[in-house]
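Trainee: For the sequence shown, UniProt numbering gives the first residue as 1, with consecutive numbering after it. All C-beta atoms, glycine included, are put in the ideal place defined by N, C-alpha and C. First the structure, which I've put down as structure tokens, then a few questions once you've had a look.
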Amino acid sequence: CECELVNINQAFPHDKLSTIQDDASSCNTRITPQSSFVMESALLGLQRRLPQLMKDVVELEEHHDEDLYSVLSLHVLENELIEIQLLMDKLNGSIRGNRELAMNTTDLLQDLKEGLADLEHFDTMQVVKRQQVNQRLKKDLDQCKNGLQPTDLDLATDESGVWVIYTTSQDFGNLVLSKVEEGESPKLNQTWHTSIYKQAVTNTFMACGVLYATRYVNTSTEEIFYSFDTATGKENFNVGIFLSKVSSNILFLNYSPVDQMLHAYCDSQMVSYR
Numbered sequence: 001c002e003c004e005l006v007n008i009n010q011a012f013p014h015d016k017l018s019t020i021q022d023d024a025s026s027c028n029t030r031i032t033p034q035s036s037f038v039m040e041s042a043l044l045g046l047q048r049r050l051p052q053l054m055k056d057v058v059e060l061e062e063h064h065d066e067d068l069y070s071v072l073s074l075h076v077l078e079n080e081l082i083e084i085q086l087l088m089d090k091l092n093g094s095i096r097g098n099r100e101l102a103m104n105t106t107d108l109l110q111d112l113k114e115g116l117a118d119l120e121h122f123d124t125m126q127v128v129k130r131q132q133v134n135q136r137l138k139k140d141l142d143q144c145k146n147g148l149q150p151t152d153l154d155l156a157t158d159e160s161g162v163w164v165i166y167t168t169s170q171d172f173g174n175l176v177l178s179k180v181e182e183g184e185s186p187k188l189n190q191t192w193h194t195s196i197y198k199q200a201v202t203n204t205f206m207a208c209g210v211l212y213a214t215r216y217v218n219t220s221t222e223e224i225f226y227s228f229d230t231a232t233g234k235e236n237f238n239v240g241i242f243l244s245k246v247s248s249n250i251l252f253l254n255y256s257p258v259d260q261m262l263h264a265y266c267d268s269q270m271v272s273y274r
């Protein structure tokens, strides 16, 4: 029994892939830390020699009337100038070599980019495209993380507006609550000082003008144990509301005035409490 297989798709260019791999390997071989080390060592040598040369010239000017000293100093300066000239020649040669290497590498990278773009047409499963999206996302997240310094400010919302929960050194680590005044330029309005230590709580949220705080009980339970009523200024350390958790850590617990529910993350899972 014989059958004929006909492939209507374009054949994968294995030769082109092999060429791209060889070019990429050549690019990695050419660009090494040694190529920049030569230039850096020459620059370091100049940084050390030039101040010494200036110092010797000043000393020569101060003792210009001592013939023997002047002759010896001129001889030392001549040697120093020769050494500096050698460093300059080495530096210039390194710069020219790096410039030529950069130009050649740029052309090679452009060819590699075009070749890879052609090969991506054969990626019918979109594997490469998804990897590129993930890499860009990771890069953006890293830039965001490195560009923003963490703070101890926690924003919360309820039916009455936006609140800021934080602490100060003057309050010795106890929680401070401030109401955000709406306007073109938001600012803090009334402030309340509590007697609950910030590091003793795991999460805080606002609901109906009342500040609530939670604490860790065990891997399956979290307790809402504290409340502060902004209307009366009264604190309650025995609220006693227990929340079941699907994993050990509960994070970013917030109250939503839209559906009047609590929303949080239990490690990687989003959970809601009514």
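For His-263, write down the residues that DSSP places opposite it in a beta bridge.
Mentor: Walking along the sequence shown from the start, residue 263 turns up at place 263. In DSSP, His-263 forms a bridge with Asn-254 and Ser-272.
Trainee: Along the chain, which unbroken stretches of the beta strand (DSSP E) at least 3 residues long are found entirely within the region 198-252?
Mentor: If we require 3 residues or more, the beta strand (DSSP E) runs fully inside the region 198-252 come out as 203-207, 210-218, 221-229 and 241-244.
Trainee: Going along the chain, which residues of its own chain have a beta-carbon closer than 7 Å to the beta-carbon of Asn-146, five neighbours each way excluded?
Mentor: Against the sequence shown, residue 146 aligns to sequence position 146. There are no such residues.
Trainee: Do the CB positions of Leu-188 and Val-164 come within less than 8 Å of each other?
Mentor: To locate residue 188, count along the sequence shown from 1; it is residue 188. To locate residue 164, count along the sequence shown from 1; it is residue 164. Yes. Within cutoff.
Trainee: Compare the C-alpha of Glu-181 against each of Val-162, Tyr-166, Tyr-197 and Trp-192 and name the closest.
Mentor: Start at 1 with the first residue of the sequence shown, and residue 181 comes out as number 181. Minimum Cα distance to Glu-181 is reached at Val-162.
Trainee: Could you give the DSSP three-state label for Gly-173: helix, strand or coil?
Mentor: Counting from one through the sequence shown, the residue named residue 173 turns up at place 173. In the structure shown, Gly-173 sits in coil (DSSP, three-state: anything other than H, G, I, E or B).
Trainee: Helix, strand or coil: which one does DSSP assign to Gly-161?
Mentor: Translated into the one-based positions of the sequence shown, residue 161 becomes position 161. Strand.
Trainee: Taking just the CA atoms, how far does Ser-26 sit from Glu-114?
Mentor: For the purposes of this step, residue 114 is taken as residue 114 along the sequence shown, with counting starting at 1. For the purposes of this step, residue 26 is taken as residue 26 along the sequence shown, with counting starting at 1. Distance between the alpha carbons of Glu-114 and Ser-26: 17 Å.
Trainee: Quick one: Cα of Arg-49 to Cα of Asn-92, how far?
Mentor: Counted from its first residue, the sequence shown places residue 49 at position 49. Counted from its first residue, the sequence shown places residue 92 at position 92. About 17 Å.
Trainee: What do you get for Met-206, buried or exposed, if any count of 16 or more other CB atoms within 10 angstroms of its CB means buried?
Mentor: What you label residue 206 is simply residue 206 of the sequence shown in a count that begins at 1. Buried, because 16 or more other Cβ atoms sit within 10 Å of the Cβ of Met-206.
Trainee: Pull up the distance between the alpha-carbon of Ile-196 and that of Met-39, whole angstroms please.
Mentor: Stepping through the sequence shown from its first residue, residue 196 is reached at position 196. Stepping through the sequence shown from its first residue, residue 39 is reached at position 39. Using only the alpha carbons, I get a separation of about 59 Å.
Trainee: Using only alpha-carbon positions, find the residue among Val-258, Cys-3, Val-210 and Phe-242 that is nearest to Asn-236.
Mentor: In the sequence shown, counting from the first residue as 1, residue 236 sits at position 236. The option with the nearest alpha carbon to Asn-236 is Val-210.
Trainee: Could you tell me which residues DSSP puts in a beta bridge with Asp-154?
Mentor: Residue mapping note: residue 154 aligns to position 154 of the sequence shown, counting from 1. The partner list for Asp-154 (beta bridge, DSSP) reads Ile-165.
Trainee: Could you compute how far the alpha carbon of Gln-269 sits from the alpha carbon of Asn-249?
Mentor: Looking up residue 269 in the sequence shown gives position 269. Looking up residue 249 in the sequence shown gives position 249. C-alpha separation (whole angstroms): 10 Å.
Trainee: On the criterion of 16 or more Cβ atoms from any shown chain inside 10 Å, does Glu-120 qualify as buried, or is it exposed?
Mentor: As a first step, residue 120 must be located in the sequence shown, where it is residue number 120. So Glu-120 ends up on the exposed side.
Trainee: Which residue or residues does DSSP assign as beta-bridge partners of Leu-101?
Mentor: Within the sequence shown, residue 101 is the residue found at index 101, counting from 1. DSSP output for Leu-101 lists no bridge partner at all.
Trainee: Hey, could you find the ends of the alpha helix (DSSP H) His-14 is sitting in?
Mentor: Within the sequence shown, the letter at position 14 stands for residue 14. Start and end: 14-30.
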